[in-house]
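Visitor: Residue numbers (the working numbering): 379 to 489.
I'd like to ask some things about the structure below.
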């Protein structure tokens, strides 16, 4: 999947359009569609990633993890410096598993 394909899919999944994205970011009309033929600047890709709340690595197809930090709000005290996106995703998976386990325990105790 190309950069443009990923952007179009995310926009579609969120019920918006690439045109609206371009407008909201102050890009010229069809700027993102031109990325099919041209390499965009790092700054523009970062703006799109921030707007869509995904990582640049996801947009570039380097990972299938949209946002490795999503869901870690409860773990803001964690020092993730030096961790790769994959390491952070593993930590996120552990946290999700722990939350799910706690939810099941709570359900069982309330029976």
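Using N, Cα and C, we set each Cβ at its ideal position, and we do this for glycine too.
If you follow the alpha helix (DSSP H) that residue 400 is part of, which residue opens it and which one closes it?
Guide: Looking up residue 400 in the chain shown gives position 22. Element bounds for residue 400: 396 to 403.
Visitor: Need the endpoints of the alpha helix (DSSP H) that residue 443 sits in, please.
Guide: Here residue 443 refers to the residue found at position 65 of the chain shown. Premise fails: residue 443 is in no alpha helix (DSSP H) and is neither H nor E.
Visitor: Pick helix, strand or coil for residue 482, following the three-state DSSP scheme.
Guide: In the chain shown, the residue the question calls residue 482 occupies position 104. Residue 482 falls in the helix class under three-state DSSP.
Visitor: Leaving out the 5 sequence neighbours to the left and right, which residues in its chain are closer than 6 Å to residue 492 when beta-carbon positions are compared?
Guide: Nothing can be reported for residue 492: it is not among the residues displayed for the chain, which extend from 379 to 489.
Visitor: If you follow the alpha helix (DSSP H) that residue 428 is in, where does it begin and where does it stop?
Guide: As a position in the chain shown, residue 428 is number 50, starting the count at 1. From DSSP, the alpha helix (DSSP H) with residue 428 extends over 420 to 430.
Visitor: Considering only their Cβ atoms, is the gap separating residue 420 from residue 410 smaller than 8 Å?
Guide: Within the chain shown, the letter at position 32 stands for residue 410. Within the chain shown, the letter at position 42 stands for residue 420. No. Outside cutoff.
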